[in-house]
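Chemist:
Here it is, written out as structure tokens:
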């Protein structure tokens with residue numbers, strides 16, 4: 012199962028470090044997307060903070076997601092890439 016939420020960040024959150032901070036640009040400014048992977052009992056297994064879509068990184072045989080992931084592009088990606 013996957014779920015995510017968008018978190019708005021202040022511009023100073025970009026920092027001056029060399030590593031990626033998981034910040035992206037949107038109409039509202041800097042944002043991060045927090046993705047959560049949970050087991051069948053909804054216990055958290057992993058959290059990922061990214062500025063881009065997670066769907067490109069998913070490798071698996073079954074995906075259960077909320078309606079935020081219900082779009083033609085996601086369904087096409089899953090149809091073509093999940094065996």
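Residue numbers (the numbering used here): 12 to 94. Idealized CB from N, CA, C, for every residue including glycine.
Nearest-angstrom Cα distance between residue 85 and residue 52?
Modeler: 25 Å
Chemist: Give every residue of the same chain whose Cβ lies closer than 7 Å to the Cβ of residue 57, excluding the five residues on either side of it in the sequence, and list them in chain order.
Modeler: 48
Chemist: Is the beta carbon of residue 45 less than 8 Å from the beta carbon of residue 60?
Modeler: yes
Chemist: May I ask you to list the residues that DSSP assigns as paired with residue 58?
Modeler: 47
Chemist: Leaving out the 5 sequence neighbours to the left and right, which residues in its chain are closer than 7 Å to residue 55 when beta-carbon positions are compared?
Modeler: 47, 49
Chemist: Cα separation between residue 83 and residue 77?
Modeler: 14 Å
Chemist: Following the continuous alpha helix (DSSP H) through residue 103, name the residue where it begins and the one where it ends.
Modeler: The requested residue 103 does not occur in the structure, where the chain is confined to residues 12 to 94.
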